[in-house]
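Asks:
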Amino acid sequence: MTNLNQKKQQIIANLKAVRELKPLVVNITNYVVMNNTANALLAIGASPIMAHSKQEMAEMMSFSGALVINIGTLDSVWTPRMAYAVEQANANNKVVVLDPVGCGASQLRTETARNIVRTANKLIVRGNASEIIALAGEQAKSKGVDALDSSDAALDSAKFLANEYKCSVVVSGSTDYVVSETEVVQLNNGDTMMPYVTGMGCTHTALTGAFAAIGDTTGLASTAVLGIAGEIAAEKSAGPGSLQLNLLDVLYQLDDETLLNRLKIS
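Its first residue numbered 28, the sequence shown is counted upward by one per residue in the working numbering.
#1: Let me know if P107 comes out buried or exposed under the rule of 16 or more other beta-carbons within 10 Å of its beta-carbon.
#2: Could you round the C-beta distance between L287 and K35 to whole angstroms and report it? I think they count as a contact, below 8 Å.
#3: Is it buried or exposed, R153, if we count other Cβ atoms within 10 angstroms and call 16 or more buried?
#4: Pull up the distance between the alpha-carbon of T146 and that of T244, whole angstroms please.
#5: Since S58 and K81 should fall inside the 8 Å C-beta cutoff, what is the C-beta to C-beta distance between them, to a whole number of angstroms?
#6: If contacts are defined as beta-carbon pairs under 8 Å, then V52 and A93 qualify, I think. What distance do you get, rounded to the angstrom?
#7: S177 to G226, Cα distance in whole Å?
#8: Report the residue from S249, G236, M220, S103 whose alpha carbon sits nearest the alpha carbon of S258.
#9: Quick one, which of K291, E262, I241 has its alpha-carbon nearest N41's?
#10: What residues match up with G154 in a beta bridge as DSSP calls it?
#11: Since L247 and H231 are thought to touch, with beta carbons under 8 Å apart, how far apart are those beta carbons, to the nearest angstrom?
#12: Hey, which unbroken runs of the beta strand (DSSP E) at 3 residues or more fall wholly within the stretch 63-127?
#13: Between N148 and the rest of its own chain, which residues show a CB-CB distance below 7 Å, the 5 nearest in sequence each way excluded?
#14: May I ask you to report which of helix, strand or coil DSSP gives L290?
#15: Measuring CA to CA, which of T209, E208, Y204, V224 is closest to N216?
#16: Check this for me: beta carbons of A260 and A73, under 7 Å apart or not?
#17: Compare the C-alpha of T209 against each of G200, E138, E191 and name the closest.
#18: Which class does E210 belong to by DSSP, given the choice of helix, strand or coil?
#19: Specify the secondary structure class of D183 as computed by DSSP and reduced to three states.
#20: In three-state DSSP terms, what is I143?
If you want it as structure tokens, here you go:
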């Protein structure tokens with residue numbers, strides 16, 4: 028129980044640090060979610076920049092806090108840019124947060140995601156169960172970018188990735204898992220309406236980049252914050268459209284007491 032209390036206090040401290048430090052997060056992300064994820068980063072207190080040009084990436088990574096790579100709208104132009112961005116993140120000792128969108132759905136997505144996890148020196152992976160299973164090299168059940176596997180089913184794959192690449196792996200689902208080399212943390216916040224908003228997982232990944240930029244390389248704080256915010260936003264929403272708007276408001280207003288009272292962690 029003491030360890031869980033410490034984690035709760037650390038989540039609160041990390042949220043405070045993001046709001047005070049307003050870290051710059053470089054995002055190479057997909058066309059579908061750029062607006063959503065940029066607004067979520069602003070709402071939480073971070074500073075987003077959607078930087079896709081190879082020409083400025085070395086400069087960007089020299090003064091940014093973290094790099095988020097989301098392979099949702101992947102093509103032959105973006106792939107070398109992502110590889111170069113990882114090189115620059117490594118050169119500047121910055122965390123790379125990878126969202127392997129649709130990993131397992133095509134060879135291009137699978138190989139691109141695997142290349143990133145192999146080359147990033149400081150890494151957090153955030154994906155759904157099917158993506159995590161496919162990234163680890165096992166047969167996953169997926170329909171495009173949607174997970175058909177449960178987050179429980181991805182635990183062994185997450186543990187393999189965490190140990191193989193010395194990284195943290197966040198598995199999103201009805202239950203969220205934050206997996207490191209030494210422990211597995213389970214979170215049970217969120218709402219069943221959240222998967223009906225496009226890019227909710229991408230938002231999770233972007234927020235993970237904000238917390239990584241201030242030193243939380245586990246993915247725990249972002250998982251807790253988004254789960255609780257989504258839960259509260261859903262209570263105020265008639266459907267996915269209003270949930271998307273309410274989520275930003277809740278992220279902006281989220282306070283220590285709400286985090287402590289709402290967090291379901293084990």
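Every residue, glycine too, gets a C-beta built ideally from N, C-alpha and C.
Replies: With the structure as the only source:
#1: exposed
#2: 6 Å
#3: buried
#4: 17 Å
#5: Checking the displayed sequence, the identity of residue 58 turns out to be Tyr instead of Ser. Contact doesn't hold; Cβ gap of about 18 Å is too wide.
#6: 5 Å
#7: 19 Å
#8: Per the sequence shown, the amino acid found at residue 258 is Glu instead of Ser. Of the listed residues, the one whose Cα sits closest to E258 is M220.
#9: I241
#10: V198
#11: 12 Å between Cβ atoms; not a contact.
#12: 74-77, 93-97, 122-126
#13: N117
#14: coil
#15: Y204
#16: no
#17: E191
#18: coil
#19: helix
#20: helix
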